[in-house]
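**Q**
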Amino acid sequence: MSTTTTSVPTTKAAKAAKAATADSALFEPARLGALTLPNRLVMAPMTRNRASATGVPEPIMATYYAQRASAGLIIAEAATPNAVGATYPHIPAIHDDTHVAGWRRVTDAVRDAGGRMFLQLQHGGRVGHPETSGHHPLAPSPVPLPDTIFTPSGHQESVVPREMTEEQIGSTVADFAAAARRAVDAGFAGVEVHSANGYLLHQFLSSATNRRTDGYGGSVAHRIRFTVEVVRAVADAIGPERVGVRIAPGVTANAMREDDVDAVYPALVGELRELGLAYLHVVFADPDQPLFHTLRAAWPGTLIANPALPWPGPLPADGGRAAGERLLAAGADLIALGRSFLANPDLVARMRTGAPLNPIRDAHLMYVGGETGYTDYPTLG
Ligand SMILES: Cc1cc2nc3c(=O)[nH]c(=O)nc-3n(C[C@H](O)[C@H](O)[C@H](O)COP(=O)(O)O)c2cc1C
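Residues -16 to 364 (my numbering) make up the sequence shown, in order.
(1) Pair every Cβ in the region 127 to 138 with every Cβ in the region 76 to 93, then say whether three or more of these pairs are closer than 8 Å.
(2) To the nearest angstrom, how far is it from the Cα of Ile287 to the Cα of Gln151?
(3) Check each candidate in Pro72, Thr210, Arg322 and name the one with the smallest Cα separation from Gln139.
(4) The beta strand (DSSP E) with Tyr262 in it runs from where to where?
(5) Report yes if the C-beta of Leu320 is less than 8 Å from at least one heavy atom of ligand 1; otherwise report no.
(6) Alpha carbon to alpha carbon, how far is Gly222 from Asp359? Give it in angstroms, no decimals.
(7) Would you report the Cα separation of Asn65 and His106, rounded to the nearest angstrom?
(8) Skipping 5 residues on each side, what residues in its chain have a beta carbon closer than 6 Å to that of Ala231?
(9) Look at Val228 and Leu274 and say whether their C-beta atoms are less than 9 Å apart.
(10) Touch check for the region 257 to 266 and the region 292 to 302: three-plus C-beta pairs under 8 Å?
(11) Nearest-angstrom Cα distance between Gly137 and Ala17?
(12) Where do the N-terminal and C-terminal ends of the alpha helix (DSSP H) with Ile43 fall, by residue?
(13) I think Ala172 touches Arg225, with their Cβ atoms under 8 Å apart; what is that distance to the nearest whole Å?
(14) Got a sec, what are the start and stop residues for the beta strand (DSSP E) Thr210 sits in?
(15) Going by DSSP in three states, Tyr350 sits in which element: helix, strand or coil?
(16) Can the beta-carbon of Ala62 be found closer than 9 Å to that of Ile74?
(17) Roughly how many whole angstroms lie between the Cα atoms of Asp329 and Ala52?
(18) Can you determine whether any heavy atom of ligand 1 sits closer than 8 Å to the C-beta of Val266, and answer yes or no?
(19) For the alpha helix (DSSP H) that contains Phe324, what are its first and last residues?
(20) Between Ile276 and the rest of its own chain, which residues show a CB-CB distance below 8 Å, the 5 nearest in sequence each way excluded?
(21) With a Cβ-Cβ cutoff of 9 Å, do Met26 and Ala45 count as a contact?
(22) Are the CB atoms of Leu311 and Leu9 nearer to each other than 9 Å?
(23) According to DSSP, which residues form a beta bridge with Gly227?
(24) Using the C-alpha atoms, what's the distance from Gln272 back to Gly356?
(25) If you drop the 5 nearest sequence neighbours on each side, which residues of the same chain put their C-beta closer than 8 Å to that of Asn32?
(26) So is the beta-carbon of Gly107 under 8 Å away from any non-hydrogen atom of ligand 1?
(27) What is the residue span of the alpha helix (DSSP H) that Gly153 lies within?
(28) Glu308: beta carbon under 8 Å from a heavy atom of ligand 3?
(29) At which residues does the beta strand (DSSP E) containing Arg23 begin and terminate?
(30) Please find out if some non-hydrogen atom of ligand 1 comes closer than 8 Å to the beta-carbon of Ser116.
(31) Looking only at its chain, what residues have a beta carbon closer than 6 Å to the beta carbon of Gly233, apart from the 5 residues adjacent to it on each side?
(32) Return the Cβ separation of Pro144 and Pro125 in integer angstroms, given the expectation that the two are a contact with Cβ distance under 8 Å.
(33) Specify the secondary structure class of Gly38 as computed by DSSP and reduced to three states.
(34) Ends of the alpha helix (DSSP H) at Thr115?
(35) Please state the DSSP three-state secondary structure of Glu11.
(36) Going by the DSSP bridge assignment, what does Ala121 pair with across the sheet?
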């Protein structure tokens, strides 16, 4: 992935376009639960593998997120709510006191820099490996990831996950609720339940990965049940106004396959809509797709749209600004951008002024650690 850069406006017309840029709805304030956001640009959750081997956020993560505090909201990268849910080496966790203390450093730094943060809670399900987590992965059904997975000793074949018992389903729901309480203790304004991108909750939604014949598999009502139970438990634990949910209808990340998105997602949103949650977050949202409008009409609260930008592949020169504005015009309330925030700590200022964007350094996106490609992206002079 790489970005091209925009040129600095010099002509009269370009200067007028630049003034119009600053007037964009993206820069209007918005309410989100109890928060007032200074703009509508949300930093999407991005795993960067800079936590300790036991999932404790390192001080460098405080620097990285504080650099990006001008985002309307930061959704911090996927953090695992229990040991077995860990996906990759050096991802952060949120299930013991050392994790809370590590995250506290991050939220303090972001608050001191004027920002606001949610934490994404992610259980990997079949996207995990015993060498990484010390546990055999659990999933709705014993359907392996048809791919290799990154582990402490490099890429390895995935293992066949164990089918979760109903007791393990119940304890996982409780782990999400406990993790949400810890996230609030660590200073987060709320949490985002990750029901997207092929991880555990998404695996329950799809009949390709959920072959169960009990009350958690088969019909659409049964397949959405686990996500609904997790979200309800998290909302009961910390208050619904502190809880968002991320979904990715039809997204094929982690070899996910869904053949009934038009049935699953309206049903899921129909169950979640009564809970009074902070937001629904839709990955690869596309205003040309009828499902986007169906979900918008069905969701009474804040809708965060993460625009469908080229993936993989170069971002547009504007970093997704025009796509975001189209989604706002189509009814989204907030726009989440990932790679543009990753490469531009001061993305909001750059978009507001029409300044060029930094190119992304692909080699440093995930798995590598260190400052390079993490905290060393330049800001405008
Ligand atoms: C390095 C990297 C790590 C990511 N990690 C996560 C993650 O932890 N949780 C998640 O829901 N999505 C994750 N994503 C997906 C982003 O949140 C976002 O949906 C994706 O980058 C598309 O948005 P963009 O086109 O603005 O980059 C990741 C993306 C990248 C590039």
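Quick reminder that beta carbons are idealized off the backbone N, C-alpha and C, glycines included. These numbers come from a predicted model, not from an experiment.
**A** Considering the structure as presented:
(1) no
(2) 31 Å
(3) Pro72
(4) 262 to 268
(5) yes
(6) 37 Å
(7) 8 Å
(8) Ala179, Asn180, Val266
(9) no
(10) no
(11) 43 Å
(12) 42 to 50
(13) 7 Å
(14) Taken as a continuous stretch (DSSP letters only), Thr210 belongs to no beta strand (DSSP E), being part of the alpha helix (DSSP H) at 208 to 221.
(15) coil
(16) yes
(17) 8 Å
(18) yes
(19) 322 to 326
(20) One detail in the question is off: residue 276 reads as His in this sequence, not Ile. Correct list, in chain order: Pro270, Ala313, Gly314.
(21) no
(22) yes
(23) Glu175, Tyr262
(24) 34 Å
(25) Tyr71, Pro72, His73, Ile74, Met349, Tyr350, Val351, Gly352
(26) no
(27) 149 to 168
(28) In terms of ligand content, the structure shown lacks ligand 3 and carries ligand 1 instead.
(29) Taken as a continuous stretch (DSSP letters only), Arg23 belongs to no beta strand (DSSP E), as it is neither H nor E.
(30) no
(31) Glu241, Val244
(32) 6 Å
(33) coil
(34) 113 to 116
(35) coil
(36) Looking at the sequence itself, residue 121 is Leu, so the reference to Ala does not match. Looking at the DSSP assignment, Leu121 forms a beta bridge with Arg145.
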